[in-house]
Every structure is written in C-alpha cells, then in structure tokens.
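Novice:
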Amino acid sequence: DKEFESLDIQLLLSGAVKRGKRVFRGSKTVDLTTEDDEILVRGSLFQLQTLFMKGLLSLASRILDRSDHVCIKAAVRTLPDSFFSLMKSDCPGGRYFSVSFLPCGDDFEEGRQVPFFGALLSGERQVEEDDLELLQIYGILKQHNGEALVQRTTDSVPGFTMLLPVQEKRRNMQAPHNIEDAALRGSETILLVDDEDMIWDVIIDMLQELGYSVILAANGLDAVEIYRENPGTIDLVILDMVMPEMDGYQAFFELKKHDDKVKVLLSSGYVSEEDARDVLEAGAVGFLQKPYRMQELAKRIRAIFDR
Numbered sequence: 095d096k097e098f099e100s101l102d103i104q105l106l107l108s109g110a111v112k113r114g115k116r117v118f119r120g121s122k123t124v125d126l127t128t129e130d131d132e133i134l135v136r137g138s139l140f141q142l143q144t145l146f147m148k149g150l151l152s153l154a155s156r157i158l159d160r161s162d163h164v165c166i167k168a169a170v171r172t173l174p175d176s177f178f179s180l181m182k183s184d185c186p187g188g189r190y191f192s193v194s195f196l197p198c199g200d201d202f203e204e205g206r207q208v209p210f211f212g213a214l215l216s217g218e219r220q221v222e223e224d225d226l227e228l229l230q231i232y233g234i235l236k237q238h239n240g241e242a243l244v245q246r247t248t249d250s251v252p253g254f255t256m257l258l259p260v261q262e263k264r265r266n267m268q269a270p271h272n273i274e275d276a277a278l279r280g281s282e283t284i285l286l287v288d289d290e291d292m293i294w295d296v297i298i299d300m301l302q303e304l305g306y307s308v309i310l311a312a313n314g315l316d317a318v319e320i321y322r323e324n325p326g327t328i329d330l331v332i333l334d335m336v337m338p339e340m341d342g343y344q345a346f347f348e349l350k351k352h353d354d355k356v357k358v359l360l361s362s363g364y365v366s367e368e369d370a371r372d373v374l375e376a377g378a379v380g381f382l383q384k385p386y387r388m389q390e391l392a393k394r395i396r397a398i399f400d401r
C-alpha cells in the first residue's frame, strides 16, 4: 500500500496513551508497560493512530467502568503457526507487537484467547450494543495483517489484545541516521496549527525526532498570537485550513500582515489544493492533502528550507 511506511509503533502507542489519559479523570488510572527498544511496524500512520485512540476510548473505558485501573501491556511476542491454526486465524507464525488492555493485576492466558471476529461468528461472544468500535479496531488490524484476541478475565471484565506483525530491521536501519535520514533532518522551529488534538502528540514527536523544535497552536487565532509573540524565531508554519475561531484562510492573511516573508505550508483533509489556490497565489509555500505520510511531510519541509 502506498500509504504504508515503517513506523515506530511504540511512539504511536505512547502518544495515544498521553492523549487518552486526559479523558479519564478522578481516581481512574491508565498504566502503560512497553519494551525499551524501537519496534517497527509497516502501516498507515493515521490508521494506526486511530487504532490506538479507539483502543483507549473504547477498550480502556470498558475496563474503567468496572475497575479503577487499566493496564496496557505492550511487548513483542514470537508466535508459532500452531498458535494461530489452533484459533483458526489466517495469520502466519512470526514476531508480533502485542498490545493488551486488561484490568491491572490480570494477565492473558493463552489457552483462553480466541479471535474476536471468530468469537462473534461462532456465538462464543455475544454481540454487544457498542461492538461497532471493536469491529472498527478489528478492521484496521486486518488491513495491517494483524489479529484481535479476546478473553474473559477472572472478574468478568473483558480483556482485549491487538497483534501487529513486526517489521524486521535491516542493519542500516539500526544505524543512528543513514544518508536518507540525514537529508530529511533539520533544526528549525515549526509552528504546527491544527485543531485535531488526536494527532498532536504523534506528529510533534515525529517532527522532534527529525530534529525540529515544534510549537503547537489549536486554531488560527492562537497561531497569529504565538507568531507575533515570537518574532524571528518561527521558521515555518504548518497551517490547517479548517479550524474553529479563525480558519486557515484568515490566519494566513493575518500572518502575512505581520510578516510578509512568513513561510506557510497549508494542510487539509476537507478542502483541496484547488480550493486553496488564492492562498497559494498570495504566497503560501505549498499544500499537503491529509492524510499524508510522514516521509512526504519531511521531504516537503526540507524542500521549503533548502530552496
């Protein structure tokens, strides 16, 4: 798939957990346990972001309805062909990134795991009113050649595991930065303007991993104020076109009033490049249609700075 790329899956998961924790208040807690090493999965950035956010908002919420604590346990598991054949899953044996949502203190027992969709078809698991969210999670996993497992834990709180095949690292991928990576890195400061808070942490983390300093604004009004308060320090503005309070069109022309040389890269999932033609003709340095791959974003940023 053209939208698929090699992604640090633990970075995506930890970013989603950070965002998800803000939803749960009071005595409710979410604990994440992960491995220390970088783990690569080949997939779609936005689909995997959606996968983990749905996991937090649906799976963790179900557990927290009956418990004060949810544990998310992430690890690489080597699973043989027999593991999947016994469960009548079409996944091959191999190394999988496993993410389990469980009440703290519980653990998955391999003998009691069953594929989520198979359990629905066989009647082993009753279809619940809100299983649509779980079906969407299952769909994303299957698009990534993964699997969803369910079981009932000892206190009848449902446990759920996501499995995604791990991409083996080539030797040159384990070097700190190869030639291609170095060409995409930078040290400039970027103002990211977007109201889709579900993707903030992930995009910020990835831009920072490329070496950039990132400032966040949730709407055009905040972006203009931040730009004015930081004269000469912001090298590029990545500006979403559709936002509350002040949209990208208005924000662009306000930024131009303040600094005629401001570099603005437009981005949107709702309007096309042609729809933004007047802004591009007025001096915006480019347009990115959402969803975009991070490699595409990195290349576009370097092309702007290296002109």
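Read in order, the letters of the sequence shown are residues 95 to 401 in the working numbering.
All C-beta atoms, glycine included, are put in the ideal place defined by N, C-alpha and C.
Quick check on S138: does DSSP put it in helix, strand or coil?
Specialist: Working through the sequence shown from its first residue, we reach residue 138 at position 44. In the structure shown, S138 sits in coil (DSSP, three-state: anything other than H, G, I, E or B).
Novice: Excluding the 5 residues preceding and the 5 following P385 in the sequence, name in chain order all residues of the same chain whose CB lies nearer than 6 Å to its CB.
Specialist: In the sequence shown, counting from the first residue as 1, residue 385 sits at position 291. Counting only Cβ-Cβ distances below 6 Å, and skipping sequence neighbours, we find F140.
Novice: Per DSSP, what kind of secondary structure is S179 in: helix, strand or coil?
Specialist: By one-based count along the sequence shown, residue 179 stands at place 85. Three-state result, S179: helix.
Novice: Just verifying my parser: in three-state terms, what is the DSSP assignment at M256?
Specialist: Position 162 of the sequence shown holds residue 256. Strand.
Novice: Could you say which of R189, V111 and S155 lies nearest to V170 if we only look at CA atoms?
Specialist: Along the sequence shown, read from residue 1 onward, the residue named residue 170 stands at position 76. Put simply, of R189, V111 and S155 the residue whose alpha carbon is nearest the alpha carbon of V170 is R189.
Novice: When DSSP labels each residue in this structure, what does Y190 get in the three-state scheme?
Specialist: As a position in the sequence shown, residue 190 is number 96, starting the count at 1. The answer is strand: DSSP assigns Y190 an E or B state.
Novice: Would you mind reading off the limits of the beta strand (DSSP E) that contains A311?
Specialist: The residue labelled residue 311 in the question sits at position 217 within the sequence shown. For A311, the enclosing beta strand (DSSP E) begins and ends at S307 to A311.
Novice: Can you tell me the Cα-Cα spacing of D316 and D184, whole angstroms?
Specialist: By one-based count along the sequence shown, residue 316 stands at place 222. By one-based count along the sequence shown, residue 184 stands at place 90. Their backbone Cα atoms lie some 49 Å apart in a straight line.
Novice: I'd like the list of long-range same chain contacts for F419, defined as Cβ closer than 7 Å, with 5 residues on each side in sequence excluded.
Specialist: Since the first residue of the chain shown is 95 and the last is 401, residue 419 is not available in this structure.
Novice: At a cut-off of 7 Å, would you count L382 as near the ligand ATP, judging by its Cβ distance to the nearest heavy atom?
Specialist: Of the ligands one can find in the structure shown there are none, so the ligand ATP has no counterpart to examine.
Novice: Below 8 Å, can you find three or more Cβ-Cβ pairs linking the stretch 273-290 to the stretch 323-331?
Specialist: yes
Novice: Evaluate D400 with the Cβ neighbour count: other Cβ atoms within 10 Å of its Cβ, from every protein chain shown; 16 or more gives buried, anything less gives exposed.
Specialist: Counted from its first residue, the sequence shown places residue 400 at position 306. Flag for D400 reads exposed.
Novice: Counting along the chain, where does the alpha helix (DSSP H) carrying E94 start and finish?
Specialist: Given a span of 95 to 401 for the chain in the structure shown, any question on residue 94 remains unanswerable.
Novice: Would you mind sorting Q104 into buried or exposed? The rule is 16 or more other CB atoms within 10 Å of its CB.
Specialist: For the purposes of this step, residue 104 is taken as residue 10 along the sequence shown, with counting starting at 1. With 16 or more other Cβ atoms within 10 Å, it is buried.
Novice: Mark A392 as exposed unless 16 or more other C-beta atoms lie within 10 angstroms of its C-beta, in which case mark it buried.
Specialist: Counted from its first residue, the sequence shown places residue 392 at position 298. Burial call: buried.
Novice: Of the residues P186, G314 and I297, which one's Cα is nearest the Cα of S307?
Specialist: Position 213 of the sequence shown, counted from the first residue, corresponds to residue 307. Answer by Cα proximity: I297.
Novice: Using only alpha-carbon positions, find the residue among K357, L382 and H352 that is nearest to Y364.
Specialist: Working through the sequence shown from its first residue, we reach residue 364 at position 270. Answer by Cα proximity: L382.
Novice: Taking the alpha carbon of D302 as the reference point, which residue from A312, E290, R279 and I320 has its own alpha carbon closest?
Specialist: Taking the sequence shown and counting its residues from 1, one reaches residue 302 at position 208. Note on residue identity: the sequence assigns Gln, not Asp, to residue 302. Answer by Cα proximity: R279.
Novice: Can you tell me where the alpha helix (DSSP H) with H352 in it begins and where it stops?
Specialist: The count along the sequence shown starts at 1 and reaches residue 352 at position 258. Run containing H352: G342 to H352, per the alpha helix (DSSP H) assignment.
Novice: Which residues bound the beta strand (DSSP E) around A317?
Specialist: The count along the sequence shown starts at 1 and reaches residue 317 at position 223. Segment G314 to E323 is the alpha helix (DSSP H) holding A317; no beta strand (DSSP E) there.
Novice: If we define contact as Cβ-Cβ less than 8 Å, is V336 a contact residue for chain D?
Specialist: Annotation note: the requested chain D is absent from the structure, which comprises a single protein chain.
Novice: Would you identify the three-state DSSP class for R416, choosing helix, strand or coil?
Specialist: The first residue shown for the chain is 95 and the last is 401, placing residue 416 beyond what the model contains.
Novice: Could you check how far apart the C-beta atoms of C165 and T127 are, in whole angstroms? I think they sit under 8 Å.
Specialist: Translated into positions along the sequence shown, residue 165 becomes position 71. Translated into positions along the sequence shown, residue 127 becomes position 33. That belief holds up - the Cβ atoms of C165 and T127 are roughly 7 Å apart, short of 8 Å.
Novice: Leaving out five residues on either side along the sequence, give the residues of the same chain with a beta carbon under 8 Å from the beta carbon of L359.
Specialist: In the sequence shown, residue 359 corresponds to position 265, counting from 1. For L359, where only same-chain residues beyond five positions count, the Cβ hits under 8 Å are L330, V331, I332, L333, A378, V379, G380, F381, L382, R394, I395 and I398.
Novice: Does the Cβ of T172 have 16 or more other Cβ atoms within 10 Å, making it buried, or fewer, making it exposed?
Specialist: For the purposes of this step, residue 172 is taken as the residue at position 78 of the sequence shown. Exposed, because fewer than 16 other Cβ atoms sit within 10 Å of the Cβ of T172.
Novice: Quick check: Q230 and K148, are their CB atoms within less than 8 Å of each other?
Specialist: What you label residue 230 is simply residue 136 of the sequence shown in a count that begins at 1. What you label residue 148 is simply residue 54 of the sequence shown in a count that begins at 1. Against a cut-off of 8 Å, the Cβ pair of K148 and Q230 comes out as a contact.
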